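A short write-up of the structure that comes next.
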Amino acid sequence: MQIASKLFNIKSSLPENVTLVAVSKTKPVADLLEAYNAGQRIFGENKIQEMTEKHAAMPKDIEWHMIGHVQTNKVKVMAEYVSLIHGVDSLKLLSEINKQAAKHNRIIECLLQIWIATEETKFGLSETELHELLQILQNDANNFNNINVVGLMGMASYTSNREQIKTEFDNLKRIFDVCKSTKSKNINFTILSMGMSDDYSIAIDSGSTMIRVGSGIFGNRN
Ligand SMILES: *Cc1c(COP(=O)(O)O)cnc(C)c1O
5 MQIASKLFNI
15 KSSLPENVTL
25 VAVSKTKPVA
35 DLLEAYNAGQ
45 RIFGENKIQE
55 MTEKHAAMPK
65 DIEWHMIGHV
75 QTNKVKVMAE
85 YVSLIHGVDS
95 LKLLSEINKQ
105 AAKHNRIIEC
115 LLQIWIATEE
125 TKFGLSETEL
135 HELLQILQND
145 ANNFNNINVV
155 GLMGMASYTS
165 NREQIKTEFD
175 NLKRIFDVCK
185 STKSKNINFT
195 ILSMGMSDDY
205 SIAIDSGSTM
215 IRVGSGIFGN
225 RN
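Each residue of the sequence shown is one higher than the one before, starting from 5 at the first, in my numbering.
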């Protein structure tokens, strides 16, 4: 019941335009089912193998989001069912997603991950790299028929300094707004994925439309 009530509390505090991804990484299927039975239909995982096992075990009306760093050689494992890949950070990866999506006659939605934190350990594109990538997708659209880049994803620095976090999220929102006007058949910016358990209310203030909450729903991970 605890999972259901935490889920309910978060959901009832969210603005209507904000989507909640329940981040269930490391958690057992029983926990996911509890969230499912409380109405949750979008789950996020950061390991392709684990997500695929849970996809097989869980009801089929779930949207599975890959929120972790994706290795090119593993895309084929999830290409048949993944709904949204949050952490795309290279043309090479986009090409592979396109290729694997084509095999299943699908269009896979992707978010480009932008590096907004000050930590070196975080992944993501710089603003310059982002614009270069979008340019290539526009110019070479016929070679990318099986992907749809629907927005951006970012992670703020791991810090207790709320103002710094706010500044980083504001920066991502600014970049998102610049890109929103870029239109092509494989670029349609509607989703800004930012905010986790500890910082999602700041992210929503900055304009997030999708939050990824794990420990706030399922409790701490080991
Ligand atoms: C684990 C993870 C989350 C959720 O983190 P919590 O702090 O548990 O809410 C969100 N986004 C990404 C990319 C993650 O890896």
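Beta carbons: idealized from backbone N, C-alpha and C, even for Gly. The structure displayed is predicted, hence computed values, not measured ones.
For His69, the three-state secondary structure derived from DSSP is strand.
The DSSP assignment places complete alpha helix (DSSP H) segments of no fewer than 4 residues inside the segment 49-97 at 52-61, 79-82, in order along the chain. According to DSSP, residue pairing for Gln117 in a beta bridge involves Met157.
With fewer than 16 other CB atoms across the displayed protein chains lying within 10 angstroms of its CB, His108 is exposed. Following the DSSP letters along the chain, one finds Asn143 inside the alpha helix (DSSP H) bounded by residues 131-143. Listed in chain order, the non-local C-beta contacts of Gly199 below 6 Å within the same chain comprise Ala207, Ser212, Ile215, local neighbours out to five positions each way being set aside.
In this structure Val153 does not touch Leu134 by the C-beta definition: roughly 10 Å separates them, more than the 8 Å allowed.
Assignment of Ser219 by DSSP, reduced to helix, strand and coil, places it in the helix class. Cβ neighbours of Asn226 within its own chain (closer than 8 Å, five residues either side excluded): Thr30. In the displayed model, Ser197 falls within a strand according to three-state DSSP. In the assembly as shown, Ala83 is a buried residue. Its beta-carbon has 16 or more other beta-carbons within 10 Å. Remark: fewer than three beta-carbon pairs, one from each stretch, lie closer than 8 Å, so the segment 177-184 and the segment 96-103 are not flagged as touching. Straight across, the Cα-Cα distance linking Leu11 with Asn224 is about 15 Å. Annotation for Leu36: no beta strand (DSSP E) segment contains it, though the alpha helix (DSSP H) segment containing it runs 33-41. Residue selection by CB proximity (closer than 5 Å to any heavy atom of ligand 1) returns Val27, Asn50, Ile71, Met200, Ser201, Arg216, Val217, Gly218, Ser219 in chain order. Per the coordinates, the alpha-carbon of Ser16 lies some 43 Å from the alpha-carbon of Asn143. The beta-bridge partner set that DSSP reports for Leu24 consists of Ile215. Within a 10 Å sphere around the beta-carbon of Ser197 sit 16 or more other beta-carbons, which makes this residue buried. DSSP, read as helix, strand or coil, puts Ser205 in helix. Annotated three-state conformation of Ser188 is strand, per DSSP. If you draw a 10 Å sphere on the C-beta of Lys189, you find fewer than 16 other C-beta atoms in it, and that means exposed.
Here Gln44 is buried: its Cβ has 16 or more other Cβ atoms, across all protein chains shown, within 10 Å. Apart from the 5 residues on each side of it in sequence, Val33 sits with its Cβ closer than 8 Å to the Cβ of Lys58, Ala61, Met62 in its chain, given in chain order.
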